[in-house]
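Trainee:
Numbering (this note's numbering), first residue to last: 789 to 897.
1) According to DSSP, is residue 803 helix, strand or coil?
2) Less than 8 Å separating the beta-carbons of residue 823 and residue 838?
3) In this structure, how does DSSP classify residue 798 when only helix, strand and coil are distinguished?
4) Figure out for me which residue from 829, 825 and 834 has the closest Cα to the Cα of residue 846.
5) Who are residue 828's beta bridge partners in DSSP?
6) Spatial neighbours of residue 757 within its chain, please: CB distance less than 6 Å, with the 5 preceding and 5 following residues excluded, ordered by chain position.
7) Using a Cβ-Cβ cut-off of 8 Å (strictly less than) and excluding sequence neighbours within five positions of residue 879, which residues of its own chain qualify?
8) Closest to residue 860 by CA distance: which of 848, 802, 870 and 841 is it?
9) Starting from the C-beta of residue 896, find all residues in its chain whose C-beta is less than 6 Å away, skip the five residues before and the five after it, and write them out in chain order.
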């Protein structure tokens with residue numbers, strides 16, 4: 789992601805900006821960031837760190853198999869995000885949202 793925070797933030801917002809042209813994934817030594825579809829399922833091992841970062845306002849968020857569950861929640865950049873959550877147990881994690889652009893960050897410490 790580089791040394792400059794302005795470039796990092798711009799790169800994150802470009803994931804959303806160019807979503808109809810490219811599927812952009814940002815990788816570094818500690819994380820993988822990508823845009824979630826409205827319905828997402830993937831198998832993870834227990835304690836995998838997952839952060840949900842809204843670009844703007846995201847509504848109707850439901851999660852399954854995360855330690856801190858979201859049930860019809862709203863996230864809004866600058867007010868509320870879902871950082872440093874983790875997978876509750878080995879298995880499928882489900883994430884759904886009704887509207888907005890939601891980034892997922894898979895993290896490794």
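We put the CB at the ideal spot given by N, CA and C, even for glycine.
Mentor: Checking against the coordinates, here is how it stands:
1) Helix.
2) Not in contact: residue 823 and residue 838 (Cβ atoms no closer than 8 Å).
3) DSSP places residue 798 in helix when its eight states are reduced to three.
4) Per the Cα distances, 825.
5) Beta-bridge partners of residue 828 (DSSP): 883.
6) Nothing in the structure corresponds to residue 757, since the chain is present only between 789 and 897.
7) Apart from sequence neighbours up to five positions away, the residues of its chain that approach residue 879 with a beta-carbon distance below 8 Å are 831, 832 and 853, ordered along the chain.
8) Closest by alpha carbon: 848.
9) Excluding sequence neighbours, residue 896 sits near 818.
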